[in-house]
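Structure first, then comments.
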Amino acid sequence: MDPIIKITHLDKYFSRLQVLKSINLEIAPKEVCCLIGRSGSGKSTLLRCINFLEEPTSGIIEVDGLVVHVNVKGKQRRQLVHDLRLKTGMVFQEFNLFPHLTVLENVIEGPIIVKKMDKTSAIKTAEMNLERVGMLAKRDDYPICLSGGQKQRVAIARALAMEPKVMLFDEPTSALDPELIGEVLAVMKKLAEEGTTMLVVTHEMGFAREVADRIIVLADGEIIEEGFPDELFANPKDLRTQALLERYHN
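Take the sequence shown: its position 143, counting from 1, is numbered 135 in our numbering, and each next residue is one higher.
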């Protein structure tokens, strides 16, 4: 089976600082991969390069058969990036909901404006995805009325409403109070069980161990180790992975 995400020789510089170093990565359809590593290791930058929220310096990004060479420029490049973003749903640390829109209005905004979906179909899709994340009862509430966990679940529904091929999660629980983290992780676990392809940057090692099909460890902008969760947690080979996991065990 062909990979749904394929990254080839991806480099990223901020000025003279190289933050990603020749990253090669393939994700299979329906696979759940967790990216772990210390802060500053390049995890979030890698995720953001996949849908060009960060501009890669060099390399090739492929999502669901759509190939974007970083050196392609101009109108063709803009169209490729637009098409690629339609294939990727992104959930951020901060929820980025529009405060002046209700929950339902937040979720239908993208399908109507970006995908040109008619309003009736957009509402139907939004309600289905709000139901998936347990937030349909709050459809007419404004974000200010919601807890952090509820806002993040709406943000997940908003990404799902675009019907992406891949879901990208950038530390989706890091801005939440500890008692609210579980409700978001439960939604993500359910999506994994439904067969959603997911690439997740996370510090939640329990979630990574339970839900991920594969763990990928980054350090200093490089993939230093990857493997099945039980294998990697029980017997990490790289000293930096060992140090990272010991930190979470303590």
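Don't be surprised by glycine CBs; every beta carbon is placed ideally from N, CA and C.
Would you say residue i lies against chain D (beta-carbon separation less than 8 Å)?
i	result
Q85	Absent from the structure: chain D. Only one protein chain is present.
Please work out which residues of its chain come closer than 7 Å, Cβ to Cβ, to residue i, disregarding the five sequence neighbours upstream and downstream, and give them in chain order.
i	result
V125	R145, I148, A149, V179
A167	Q85, E86, G140
M(-7)	A20, P21
Round the Cβ separation of residue i and residue j to the nearest angstrom and send it over; I've been treating them as touching at under 8 Å.
i	j	result
T80	V55	6 Å
M159	K107	The Cβ separation is near 17 Å, so there is no contact.
P221	R201	5 Å
P48	K4	6 Å
Is residue i helix, strand or coil by DSSP?
i	result
I(-4)	coil
V55	strand
G81	strand
V60	strand
E18	strand
L236	helix
K65	coil
S31	coil
L2	strand
S50	strand
L89	coil
L9	strand
Once you ignore the five residues that flank residue i on each side, which residues in its own chain have a CB closer than 6 Å to its CB?
i	result
D205	E23, V24
L83	In the sequence as presented, Leu is not what sits at residue 83; that position holds Val. Only A147, I148, A151, F161, P164 meet the Cβ criterion.
V73	F44
I52	T0, H61
K197	For the record, residue 197 in the displayed sequence is Met; it is not Lys. The residues are Y240.
If I measure Cβ to Cβ from residue i and keep anything under 8 Å in the same chain, skipping five residues before and after, which residues do I get?
i	result
A184	V24, M190, V203
G219	R206, I207
Ignoring anything shorter than 4 residues, give me the alpha helix (DSSP H) runs that lie fully in the stretch 164 to 226, in order along the chain. If we require 4 residues or more, the alpha helix (DSSP H) runs fully inside the stretch 164 to 226 come out as 170 to 185, 197 to 203, 221 to 226.
Ignoring anything shorter than 3 residues, give me the beta strand (DSSP E) runs that lie fully in the stretch 94 to 169, in order along the chain. If only uninterrupted beta strand (DSSP E) runs of at least 3 residues are considered, those enclosed by the stretch 94 to 169 are 158 to 162.
Using 8 Å as the cut-off, can you tell me whether the stretch 6 to 14 makes contact with the stretch 27 to 42, which would need three or more C-beta pairs spanning the two stretches below that distance? Because the criterion of three Cβ pairs below 8 Å is met, the stretch 6 to 14 and the stretch 27 to 42 touch.
Does the stretch 182 to 193 touch the stretch 111 to 118, meaning 3 or more C-beta pairs lie closer than 8 Å? The stretch 111 to 118 vs the stretch 182 to 193: no contact.
Closer than 8 Å is the cut-off here; do at least three beta carbon pairs connect the stretch 122 to 138 with the stretch 87 to 98? Counting C-beta pairs closer than 8 Å gives three or more between the stretch 122 to 138 and the stretch 87 to 98, which meets the contact rule.
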